[in-house]
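> Below is one structure. I have some questions about it.
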Ligand code: ADP
């Protein structure tokens, strides 16, 4: 018999398990029982959907046996079992996402304490065992196989005898070591309490022989010891249990086990519905962003059960995209087991459930926002971008669900605020909700375009994510007030300079025309600014497209580049203005250079690419050289 090698990744995980100083080693039992339960689920599902003969719900079981002499703990199930190939591929490599994520985390932190927080699966058996033997027979096969491993050196596979389908896992428990008590895993009561703690909700009976002292029959006053097989778990799935029977820890353990996340969920939603759609739902809002969340690889969806039987691992139709971060499950007795994916999409019941779930999630988030602001902001850091995408997508179809859940940084409050908070604070004469776009809060703080709006005492919302302005434009208005960019041509209020401006515009008509000519193809017009206070120039836009949108759209990999209609605005109270007026009369060539320089400066402030950096610096340098 040849010893085979583990794959390199598995070997490393195994090493960690074997040498683990982790104190919570008892979780190995949870992992093995949950594998056994999954294996039964698989077979049960097949029996119902394919009509297998001789497989009955009431025959399923998981069994625990202790042999103190031999120092073994055996976990037996009559689930689907494994073929030789399956034994090899399932137990020879890390398959499960939990283990992979765990490995990644380990490599970055080298912190043994997180073992128990992950679902690390089968290999956790090596924390307590010196040898692990798996004897398995796949359903429908007449061969059985024995897989065995003493650790990192490798494993062996050979033919074995087994009467019926299923898997038996025999753990040869380690000898007690200095600080480690392994004997406890050979103690019936200890094992029973571990099962109660982690695996009580497993839906198949977990059987165990328990010794009991009972009064002797027919002989009064005398006792005898008998062995009875007991079901040690209550078998009610967590989601069907009463909310007030369950502790935060119960939910957390369940979440960790099922969804491979070591961080506490931000929120748990446990609800049920009756009437038109009967279901139980157990939903979790994760406490952190999954590492692949904002990538194509991430798949949304909830586990779907038909009356307790898992029929789909990830049902996307149950979750709208804007809440794709939610994890959890739905169990409904109204669904048929054999329902196909296509039929599921059409299913009226499922649609109803999805609607209710969306509402539940929304309400939960609203209440979090209202009563637990700090955690809501944490949540928003993790998933706010998704909510804003949701606002924009499907032509704004979801805006009513989402508009009160989004937050923006506020110029006056210096923190994240809601639209409703903004609206509630608006000045009496204020007609619009103002926003400004930029890369960061610091950069927007310095944007010249924000000056007059600030001076008016109006609050400005900062759009720092690419999607922000698109989302606001899709929303169009909030509470009857339209959104307005501080860079838009018309700010919607009269500035003190306004009437003066008209006269000055007229007076300097030729200056503006000459500058615009010098900037032909770049700007549509040059004008006096109504919004600048201290800065010399800025760019504003007319028409539907803003500069930010231009930047974002052009960053996309398409051939068609767009261009916003730009206006170069000049601050008439800046010392540069009289210089321009003079140049217009005395030195039209130099005015052209100045127009170019000012335009380029405005682009730089805006964070837009400039056409010719070399030309720009040359011009600046020759100006600098003019000082006598
Ligand atoms: P996971 O259960 O997350 O996939 P494990 O490392 O615990 O990761 O198990 C690897 C695979 O081995 C499982 O996916 C399953 O296919 C198989 N397996 C484990 N235990 C059993 C069992 N008792 N019966 C049948 N297959 C099993």
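In our numbering, the protein residues as written are 47 to 674.
Here a beta-carbon is modelled for each residue, glycine too, at the ideal position from N, C-alpha and C.
1) State the start and end residues of the unbroken beta strand (DSSP E) segment that holds residue 478.
2) Let me check you understand the geometry: is the CB of residue 378 closer than 8 Å to at least one non-hydrogen atom of ligand 1?
3) Work out the CA separation of residue 480 and residue 673 for me, nearest whole Å.
4) Along the beta strand (DSSP E) that carries residue 176, what are the first and last residues, could you check?
5) How big is the Cα-Cα spacing for residue 522 and residue 411?
6) Taking residue 482 as the reference, give the member of 631, 531, 476 with the closest Cα.
7) In terms of residues, what are the limits of the beta strand (DSSP E) holding residue 529?
8) For residue 584, count the other beta carbons within 10 Å of its own beta carbon; 16 or more makes it buried, fewer makes it exposed. Which is it?
9) Any idea if residue 124 is buried or exposed, counting beta-carbon neighbours within 10 angstroms, 16 or more meaning buried?
10) Assign residue 450 to one of three DSSP states: helix, strand, or coil.
11) Could you tell me the boundaries of the beta strand (DSSP E) in which residue 214 lies?
12) Which of the three DSSP states is assigned to residue 98 in this structure?
13) Quick check: does the Cβ of residue 77 come within less than 8 Å of any heavy atom belonging to ligand 1?
14) For the beta strand (DSSP E) holding residue 317, just list the boundary residues, first then last.
15) Can you round the beta-carbon distance between residue 260 and residue 215 to whole angstroms, since I take them to be within the 8 Å contact cut?
16) Buried or exposed, going by whether 16 or more other CB atoms sit within 10 Å of the CB of residue 454?
17) Taking buried to mean at least 16 other C-beta atoms within 10 Å of its own C-beta, is residue 84 buried or exposed?
18) Closer than 8 Å: is that where the CB of residue 85 sits relative to any heavy atom of ligand 1?
19) Could you round the C-beta distance between residue 424 and residue 452 to whole angstroms and report it? I think they count as a contact, below 8 Å.
20) Please look up how many angstroms separate the CB atoms of residue 329 and residue 372, rounded, as I've assumed it's under 8 Å.
21) According to DSSP, simplified to helix, strand and coil, what is residue 280?
22) I'd like the span of the alpha helix (DSSP H) that includes residue 305, first residue to last.
23) Locate the beta strand (DSSP E) running through residue 194, then write down its first and last residues.
24) Examine ligand 1 and report whether any of its heavy atoms sits within less than 8 Å of the Cβ of residue 222.
25) On the criterion of 16 or more Cβ atoms from any shown chain inside 10 Å, does residue 361 qualify as buried, or is it exposed?
26) With H, G and I counted as helix, E and B as strand and the rest as coil, what does DSSP make of residue 111?
Result, derived from the coordinates:
1) 478-483
2) no
3) 42 Å
4) 175-183
5) 23 Å
6) 531
7) 527-531
8) buried
9) buried
10) coil
11) 212-219
12) Three-state DSSP puts residue 98 in coil, outside helix and strand.
13) yes
14) 313-319
15) Contact flag wrong, Cβ pair sits at about 31 Å.
16) Result: buried.
17) exposed
18) yes
19) Going by Cβ atoms, the distance from residue 424 to residue 452 rounds to 15 Å, so no, they are not a contact pair.
20) 5 Å
21) coil
22) 294-305
23) 190-197
24) no
25) buried
26) Correct three-state label for residue 111: strand.
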